[in-house]
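**Student:** Just so we're aligned: the sequence shown equals residues 48 to 314 in the working numbering. Positions of the beta carbon are idealized from the N, C-alpha and C atoms, including for glycine. Being a predicted model, the structure only gives us computed values, none of them experimental.
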Amino acid sequence: MAVMAPSRILKSDVFFCPAIVTHKRLKPVVNQFVYRVFYLCFDIAKKQKIASKFLSLNRFNLFSFYDRDHGKRDGSSLETWIREILHSKNLEKKVKKIFLLTYPRVLNYVFSPVSFWFCLDEAENLIAVLCEVKNTFGENHNYLIFNSDHSPIEENQWFDAKKEFHVSPFFHVRGAYKFRFVFNQKNIAAWIDYFDEGVQKSLLTNVVCRKEKLSDASLIKAFFAIPLMTFKVTFLIHWQAIKILLKKIKYVPKPKKLAHNLTSNHE
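This is the structure in structure tokens:
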């Protein structure tokens, strides 16, 4: 899917990001769905800037962002959490700015299958991406992607990482993912393709966002354009699961979760 082309470039610490999400299952049967969503994207060190009439931090509103929806899930500092992860891979000193791309709560509800932490250097080159993945069983796992020499991530660059977390009840925890990312002044995009054992491409997913100004007007417009968006995401996940079951695809029970919750592309 082509990256969206906006009319102008925005420089800011906070963005409203309309997006298109695509899932395409290739094996053992084809099943595809595409839907419109919207994200918040903001510098985690300046998250207070997202607060407005219709969007609150850690309290109820039409839209809201809660610290406990991410990181350690206990409301503790998210910037400290992500920087500790970067420090474990000797990336912390290189990274000067971190943007989080995630769904807001809508009427206090959110389920975000994956949130992205884009880590930039002093020149605003993309150095690392943390994919914070959550499943419908209430578990979460993180995939950290970066170059071994800590050089900037190129927009056409693909990365491999071992699959170590149960997401879909129709795929085993085996094989590997291929990741690709775009984070520039106009757009944000992520591609995550799953390859089952035997190097068979089994699932294609992508998120393609356009950066826009975050405002009261953009939030209200989004609320009526995509009503109850986060409820819609959860409904679609379960609806697609029902469709796959009706195609008589074998159900895969959830295995015991690994003790660790971080996987990198260098393991």
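#1: Hey, out of 94, 116 and 66, whose CA is closest to residue 187's CA?
#2: Between residue 170 and residue 193, which are expected to be in contact by the criterion C-beta below 8 Å, what is the C-beta distance as a whole number of angstroms?
#3: Under DSSP, the alpha helix (DSSP H) around residue 2 begins and ends at which residues?
#4: Which of the three DSSP states, helix, strand or coil, is assigned to residue 174?
#5: Can you check the segment 131-179 for any beta strand (DSSP E) of at least 3 residues that lies completely inside it and give the ranges in chain order?
#6: Identify the continuous alpha helix (DSSP H) that holds residue 268 and give its terminal residues.
#7: Report the three-state DSSP secondary structure of residue 259 (helix, strand or coil).
#8: Whose C-alpha, out of 139, 205, 263 and 190, is nearest the C-alpha of residue 108?
#9: Please determine if the segment 130-138 and the segment 246-254 are in contact, where contact requires at least 3 C-beta pairs separated by less than 8 Å.
#10: Sort 223, 67, 233 and 127 by Cα distance to residue 82 and report the nearest one.
#11: So which of 282, 149 and 156 has the shortest CA-CA distance to residue 164?
#12: Use the C-beta contact count for residue 208: other C-beta atoms within 10 angstroms, 16 or more gives buried, fewer gives exposed.
#13: Which ranges would you report for the beta strand (DSSP E) in the segment 48-131 if only whole runs of at least 3 residues count?
#14: Please report the Cβ distance between residue 147 and residue 64, rounded to the nearest whole angstrom; I am assuming they are in contact, meaning their Cβ atoms lie under 8 Å.
#15: Could you please give me the residues that DSSP links to residue 311 through a beta bridge?
#16: With DSSP as the reference, please indicate the residues paired to residue 240 in a beta bridge.
#17: Where do the N-terminal and C-terminal ends of the beta strand (DSSP E) with residue 209 fall, by residue?
#18: Quick check on the burial criterion: 16 or more other C-beta atoms within 10 angstroms. Buried or exposed for residue 190?
#19: Distance check for residue 197 and residue 123, CA to CA, integer angstroms please.
#20: Taking DSSP's pairing of strands, which residues face residue 296 in a bridge?
#21: Could you check whether residue 69 and residue 158 sit closer than 8 Å to each other, using their CB atoms as the reference points?
#22: Is the Cβ-Cβ distance between residue 104 and residue 112 less than 8 Å?
#23: What is the rounded straight-line gap between the Cα of residue 304 and the Cα of residue 215?
#24: For residue 200, name the three-state secondary structure that DSSP assigns.
#25: Quick one: Cα of residue 121 to Cα of residue 75, how far?
**Tutor:** Quick look at the numbers:
#1: As a working mapping, residue 187 is identified with position 140 in the sequence shown. Out of 94, 116 and 66, 116 has the C-alpha closest to the C-alpha of residue 187.
#2: Position 123 of the sequence shown, counting from 1, holds the residue named residue 170. Position 146 of the sequence shown, counting from 1, holds the residue named residue 193. About 16 Å separates the two Cβ atoms, so there is no contact after all.
#3: Nothing about residue 2 can be read from this structure; the chain reaches only from 48 to 314.
#4: Locating residue 174 in the sequence shown gives position 127, where the first residue counts as 1. Strand, per DSSP.
#5: 144-149 and 161-167
#6: In the sequence shown, residue 268 corresponds to position 221, counting from 1. Element bounds for residue 268: 263-272.
#7: Counting from 1 along the sequence shown, the entry for residue 259 is found at position 212. Residue state, collapsed to three classes: strand.
#8: Stepping through the sequence shown from its first residue, residue 108 is reached at position 61. Looking at the Cα atoms, 263 is the closest of the given residues.
#9: no
#10: Within the sequence shown, the letter at position 35 stands for residue 82. The residue with the shortest Cα to Cα distance from residue 82 is 67.
#11: Against the sequence shown, residue 164 aligns to sequence position 117. It is 149.
#12: What you label residue 208 is simply residue 161 of the sequence shown in a count that begins at 1. So residue 208 counts as buried.
#13: 61-72, 78-90, 102-104 and 110-112
#14: For this step, residue 147 is matched to residue 100 along the sequence shown. For this step, residue 64 is matched to residue 17 along the sequence shown. The Cβ separation is near 11 Å, so there is no contact.
#15: The sequence position of residue 311 within the sequence shown is 264, counting from 1. Answer is 191.
#16: If you number the sequence shown from 1, residue 240 lands on position 193. Answer is 225 and 251, bridged to residue 240.
#17: Taking the first residue of the sequence shown as position 1, residue 209 is located at position 162. Looking at the DSSP string, the run of the beta strand (DSSP E) that includes residue 209 is 206-209.
#18: The residue given as residue 190 occupies position 143 in the sequence shown. It is buried - the Cβ of residue 190 has at least 16 other Cβ atoms within 10 Å.
#19: Position 76 of the sequence shown holds residue 123. Position 150 of the sequence shown holds residue 197. Rounded to whole angstroms, residue 123 to residue 197 spans 28 Å at the Cα level.
#20: Position 249 of the sequence shown holds residue 296. Note: residue 296 sits in no beta bridge, so no partner.
#21: Looking up residue 158 in the sequence shown gives position 111. Looking up residue 69 in the sequence shown gives position 22. In this structure, residue 69 does not lie closer than 8 Å to residue 158 by Cβ.
#22: Within the sequence shown, the letter at position 57 stands for residue 104. Within the sequence shown, the letter at position 65 stands for residue 112. Yes, they are a contact pair.
#23: Stepping through the sequence shown from its first residue, residue 304 is reached at position 257. Stepping through the sequence shown from its first residue, residue 215 is reached at position 168. Roughly 14 Å between the two C-alpha positions.
#24: As a position in the sequence shown, residue 200 is number 153, starting the count at 1. If DSSP states are grouped into helix, strand and coil, residue 200 belongs with coil.
#25: Mapped onto the sequence shown, residue 121 falls at position 74. Mapped onto the sequence shown, residue 75 falls at position 28. Approximately 39 Å, taken between the alpha carbons.
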